[in-house]
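Protein chains in written order, with the numbering used here: chain A, 27 to 398; chain B, 27 to 398. Before any comments, here is the structure.
Take a look at the structure:
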C-alpha cells in the first residue's frame, strides 16, 4: 500500500463512499477508498432498496425535494453502472401499497393522501376491500390503504455489488479490511490518513469522510462533535408461494419484492451500539408485523436474516459538506435514506471538490450544525 | 457398490438405523446402511435432545416403562461411543423446569405433579415466585411450575455425528446419497434391496427398515399398510447473554441448553408433507412461545433455524418388530422419541436378529397393527 498519493481518499466503501469515488474517478481524478469491512457497507445491509421519498410526507420540505431529486437521478445512474459493468441492477417502478391495520392508521394515511393530493402527487385512496382486491391474501382486518404509483425500489444488495464493480472499472483503488484510525492535518489542510492493517498513512489532496455509523469517532479525532449513532435495522428474507407485485407497507413493517418469489421483510430501529447481529426479539417483531397485514406469509419459507447499522443523527438529516479543514468533505449520516440519496450525494461532493461548491444550497446539512 | 452381501442391510442412517447397525456390528455381523441423505437423519433435526420420559405423564403405561428403560441405557451407550471414537457427547442431568403461563396450565402441571408424586418420582412443585427464583429473567406472569430433576438432555446433533463415527469404527459400511427404491422378496424372505444412484441391488441375510418418515412408501412396496406421516418440527438456535442452567418448558415450547451460551428453542408440530423447510409462521410461533415465558431472550442473538421431519403414526407409538417377511424388521415411527428410544431399539432389533426375539414383549408396537 505505501503512501502513494491519490487525488481523493474516500473513507468508507459503502453505497455513499463508492458512489462518490465512482463520480470523481469518472471526472478523471485518481481515487482510493479505504473500508474496514470486506463487506459492502453496513447501512446497506439494513436497506431493502425502497426509493420512496413520498412515504409518510405530509408537508413538502427541502429534504423531500432533495430526495425526489436523487430518486430521479437513478435511471441514469443505473444506465451508467450497466455501461461500465454490463450488469443491470433490478429496478422497478411498481409502486407502494400503504395499508392501515385500523382506523387510527387509516386517519394517518388519509392525512398523507390529502397533503400529497394537494401537491398533485399521484396516489390512490383505497377501501379495505379495494386493498384486498389489489393483492389477495392480505388481512381481512385492513381498514384501507393508499397506493403510491410513483415509488420505486431496487435490489440494494445487487446495487452494492455492481457499484463496487463499476468503480473498479472506472479506476478506483479499494483498500479493503483497512481501518482509518485518524486524519493527520497541518495548518488548514488534512495531509494524510493513518490506517491499520498494515499500519500506514495514505496521502491525498482531498479527503471524504463517508464512514456511516463509524464517522462519529473519526470526526471526534479532528475535534468535531458529530453525534452519529448506529441505528440497527434487522431484515428477513422469505420465499413466498408467488411473486409480490409491489412494495406493501404498514408503518415500519414492509415487504419488498425480490426475483424468484423472494421478498424482504423489515425492519427494526434499535439503538444497540455497534452490535449488528439479528436478535430473537427483532426477528419476532418483523415476522409478527408483516404477518399481521399479510397473513399468507405464514407458510412462506424463511431463507435468512441479517442486520445493518444506519448512521442516525439528532435531526435525522444527513451530514454534507466541508468542515474543520478546507480539503475534508463529509458525506455521512444518511440514516434510512443512504441508497435513495447516493447519486445526488455523489454529485454534490464532486461539485465541491471540482468546483468549490455544489449546484444547490446544502447549508441545512452542514457538519458543524451539532458543534455547539 | 455392486451386490456384495452383508449379514444385515439397514435402510435409513438416522439415529435409529445407525444405533442398530452399531449394535449388530459390535456383535460381529457385517452391516451396511443405506441413506438417501448426506445428512444424519431427518427426525434428529427436529430434536433438541431432551431425554424426558416423565414429561406430562399422568398415568404410567408400557410406553413410559420403555422410555425409562431406554433413558437408563444412555450412560453406558455414551461410554461405548466414547471408547470407540474418543469423543464424549455432551450429556447433562440438570433437570427440566416446567412452567405454567396461567392457572389452567398450572392445573395441568398439578395433575402431573400429583400423579408422579404418588409413583414416588422425584419432582418439586414451585410457586410463581419460586420459579423465578430458580431462573431469573423468567416472566413475572408465570403462575408456577414443576421442577423434574430426573430429566436428562444431550446434544443431539453431536450424538448423530459421533454415532456415525462409532459405527464406522465398528466396521459398518455406509452407502450415503443412496435411496432404497424397493425390496425384492422370494417366498418368505427378502433377498435384496433395489437402490438408486447408482442403480444396483444390495443383498443381505437380514433387512432392517429404519427410514423414519420415508418408511411408509417402502412398506407399501411390500404390501404393508404403514400410515407413517412426516410431522415437521422447526428449531431455532439462539445465543443468550448467559448459560441456561437446565431445560425450561411451557407446553410445546421449550429451551434446551447448549455449550457457550447457546440454546435451542422449539418447536412446531406440522403436517406439511415432506417439506422440511423453516417457515415464517413456524419461526414466529417458536420465538413468541419461548419469549412469553422467557422475555429475557428478546436480546438473544439469532444464530440459525432448521426443521426436521418426525415419523408419526396414528397412535403416536413406534413400529417395532418383524413383518411381512421373516428376515425383515421394522424400527421406525418413533415420532418425538427417536433419540430417547435409540439404545433400547438397537438392543431389541439385535435380539430379534441374533436370538429370534427381544428381551421383553413389544407386541403393542408390531408393524401389522395398522393393517386392517
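Each residue gets a CB set at the ideal place from its N, CA and C atoms; glycine is no exception.
**Study point:** Proximity below 7 Å, CB of residue 354/A to CB of residue 216/A
**Key:** yes
Practice item. Could you tell me which chain B residues have their CB closer than 7 Å to the CB of residue 328/A, listed as they occur along the chain? Key: 304, 305, 306, 309, 331
Exercise for review: For the alpha helix (DSSP H) containing residue 261/B, list its first residue and its last residue.
Suggested key: Careful: residue 261/B lies outside any alpha helix (DSSP H), inside the beta strand (DSSP E) at 255 to 265.
Review point. For the putative contact between residue 310/A and residue 314/B, defined by C-beta atoms under 8 Å, what is the C-beta separation to the nearest angstrom?
Key: Cβ atoms of residue 310/A and residue 314/B come within 8 Å of each other, at about 6 Å.
Point to revise | Any C-beta of chain B under 7 Å from that of residue 335/A | key: no
Exercise for review: Measure the C-alpha to C-alpha separation of residue 134/B and residue 322/B and round it to an integer number of angstroms.
Suggested key: 25 Å
Exercise for review: State yes or no: is the C-beta of residue 51/B within less than 7 Å of the C-beta of residue 198/B?
Suggested key: yes
Check your understanding: Do you know how far the Cα of residue 254/B is from the Cα of residue 348/B?
Key -> 17 Å
Exercise for review: Anything in chain B within Cβ reach of residue 323/A, meaning under 7 Å, just list it in chain order.
Suggested key: 306
Practice item. Please report the residue range of the alpha helix (DSSP H) in which residue 139/B lies. Key: 129 to 144
Practice item. Whole angstroms is fine: what's the gap from residue 261/B's alpha carbon to residue 43/B's? Key: When rounded, the distance between both Cα atoms is 23 Å.
Point to revise | Three-state secondary structure assigned by DSSP to residue 297/B | key: coil
**Study point:** Which listed residue (274/B, 237/B, 80/B) has its alpha carbon closest to that of residue 163/B
**Key:** Nearest to residue 163/B by alpha-carbon distance, out of 274/B, 237/B, 80/B, is 274/B.
**Study point:** Three-state secondary structure assigned by DSSP to residue 220/A
**Key:** strand
**Study point:** Three-state secondary structure assigned by DSSP to residue 3/B
**Key:** This structure does not reach residue 3/B, given that chain B is present from 27 up to 398, and the question cannot be answered.
Practice item. Spell out the partners DSSP gives residue 347/A in its beta bridges. Key: 356/A
Check your understanding: Taking 7 Å as the CB-CB limit, is residue 164/B close to chain A?
Key -> no
Point to revise | Sequence-distant residues of its chain with Cβ nearer than 7 Å to residue 171/A (five each side left out) | key: Within the same chain, residue 171/A has close Cβ partners 123, 124, 125, 126, 135, 152, 157.
Practice item. Establish whether the CB of residue 27/A and some CB of chain B are separated by less than 7 Å. Key: Summary for residue 27/A: the model assigns pLDDT 44, below 50, so the residue's position carries little reliability; its value from the coordinates is reported in the next sentence. By this cut-off, residue 27/A is not an interface position.
Check your understanding: Using the beta-carbon of each residue, which ones in chain A are nearer than 7 Å to residue 83/B?
Key -> Against chain A, the beta carbon of residue 83/B has no neighbour under 7 Å; the closest one sits roughly 30 Å away.
Point to revise | Buried/exposed call for residue 256/A, threshold 16 Cβ in 10 Å | key: buried
Point to revise | Per-residue contacts from residue 317/A into chain B (C-beta, under 8 Å) | key: 306, 307, 310
Review point. What is the DSSP secondary structure of residue 363/A, counted as helix, strand or coil?
Key: helix
**Study point:** Sequence ranges, beta strand (DSSP E) only - wholly within the stretch 55 to 116 of chain B, length at least 3
**Key:** 57 to 61
Practice item. Could you name the residues of chain B that residue 264/A contacts, counting a contact when the two beta carbons are closer than 8 Å? Key: 306
Review point. Are at least three pairs of beta-carbons, each pair with one atom in the stretch 370 to 380 of chain A and one in the stretch 288 to 298 of chain A, less than 8 Å apart?
Key: no
Check your understanding: Anyone know if the C-beta pair for residue 330/A and residue 359/A falls short of 7 Å?
Key -> no
Review point. So is residue 316/A buried or exposed if we call it buried at 16+ other beta carbons inside 10 Å?
Key: buried
Practice item. Return the CA-CA distance between residue 249/B and residue 382/B, expressed in angstroms with no decimal places. Key: 23 Å
Check your understanding: If you drop the 5 nearest sequence neighbours on each side, which residues of the same chain put their C-beta closer than 6 Å to that of residue 394/A?
Key -> 349
Check your understanding: From the beta carbon of residue 313/B, is the nearest beta carbon of chain A less than 7 Å away?
Key -> Contact of residue 313/B with chain A is assigned, a C-beta pair being separated by under 7 Å.
**Study point:** 7 Å Cβ cutoff, residue 37/B in contact with chain A
**Key:** no
Check your understanding: Which residues mark the beginning and the end of the beta strand (DSSP E) in which residue 231/B is found?
Key -> In this chain, the beta strand (DSSP E) harbouring residue 231/B covers 226 to 235.
Check your understanding: Closest to residue 54/A by CA distance: which of 380/A, 259/A, 186/A is it?
Key -> 380/A
Check your understanding: Is residue 159/A buried or exposed, if buried means 16 or more other CB atoms sit within 10 Å of its CB?
Key -> exposed
Point to revise | Endpoints, alpha helix (DSSP H) assigned at residue 326/A | key: From DSSP, residue 326/A is part of no alpha helix (DSSP H); its letter is neither H nor E.
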